[in-house]
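Asker: There's a structure below that I have some questions on.
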Amino acid sequence: AEFRGVGRLGDVDFEGAKGSVKLDEAASARLILLAGDVTVGRLGGDARLGTQKGDIRVAEALSGTVELSTESGDVSIGAARGVSASLDAGTSYGRVHNALKNADDTAALHIRATTSYGDISARSL
Numbered sequence: 637a638e639f640r641g642v643g644r645l646g647d648v649d650f651e652g653a654k655g656s657v658k659l660d661e662a663a664s665a666r667l668i669l670l671a672g673d674v675t676v677g678r679l680g681g682d683a684r685l686g687t688q689k690g691d692i693r694v695a696e697a698l699s700g701t702v703e704l705s706t707e708s709g710d711v712s713i714g715a716a717r718g719v720s721a722s723l724d725a726g727t728s729y730g731r732v733h734n735a736l737k738n739a740d741d742t743a744a745l746h747i748r749a750t751t752s753y754g755d756i757s758a759r760s761l
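With the sequence shown counted from 1, adding 636 to any position gets you our numbering.
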């Protein structure tokens with residue numbers, strides 16, 4: 637089954653077993669799956685996105701604390717243009733690619749990303 641959120645949404649809270657979750661835009665989100673991909677186009681604030689098996693993608697994050705975790709899958713996130721961001725990432729079997737810009741010491745966006753088997757990619761747009 638697929639959960640699809642079209643358009644601009646407020647706070648989204650969803651838990652599911654198998655299937656994918658796709659949101660166009662959310663103010664904040666808590667999306668937890670056992671198996672399936674999690675995709676968010678634009679994220680305005682705090683989020684916790686997790687899946688046991690699947691990829692997690694956030695095209696554009698604006699601010700807040702964003703936690704991304706998967707056991708088996710890739711994680712990718714983009715920080716909005718002009719947003720200062722920090723990354724705390726860990727993978728057991730994979731690579732971490734950090735191309736975030738942190739213009740000053742106080743990041744508006746804090747990203748925590750973990751995967752056991754997969755790659756983590758974070759970049760500034």
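Think of the CB as a built atom: it goes at the ideal place given N, C-alpha and C, for glycine as much as any other residue. Given the structure is predicted, the values throughout are model-derived calculations rather than measurements.
1) For Ala-743 and Ser-760, which I take to be in contact (beta-carbon distance under 8 Å), what is that distance rounded to the nearest angstrom?
2) Check whether the Cβ atoms of Leu-669 and Thr-687 sit closer than 9 Å, and answer yes or no.
3) Per DSSP, what kind of secondary structure is Lys-654 in: helix, strand or coil?
4) On the premise that Ala-653 lies in contact with Val-676, defined as a C-beta separation below 8 Å, what is that separation, rounded to the nearest angstrom?
5) In the DSSP assignment, find the beta strand (DSSP E) that holds Leu-761 and state where it starts and stops.
Answerer: The structure says:
1) Along the sequence shown, read from residue 1 onward, the residue named residue 743 stands at position 107. Along the sequence shown, read from residue 1 onward, the residue named residue 760 stands at position 124. Contact flag wrong, Cβ pair sits at about 11 Å.
2) Locating residue 669 in the sequence shown gives position 33, where the first residue counts as 1. Locating residue 687 in the sequence shown gives position 51, where the first residue counts as 1. Yes, Cβ-Cβ distance for Leu-669 and Thr-687 is below 9 Å.
3) Reading the sequence shown from its first residue, position 18 is the one you call residue 654. The answer is strand: DSSP assigns Lys-654 an E or B state.
4) Here residue 676 refers to the residue found at position 40 of the sequence shown. Here residue 653 refers to the residue found at position 17 of the sequence shown. Actually they do not touch by this definition, with Cβ atoms about 19 Å apart.
5) Walking along the sequence shown from the start, residue 761 turns up at place 125. No beta strand (DSSP E) contains Leu-761, which DSSP labels as neither H nor E.
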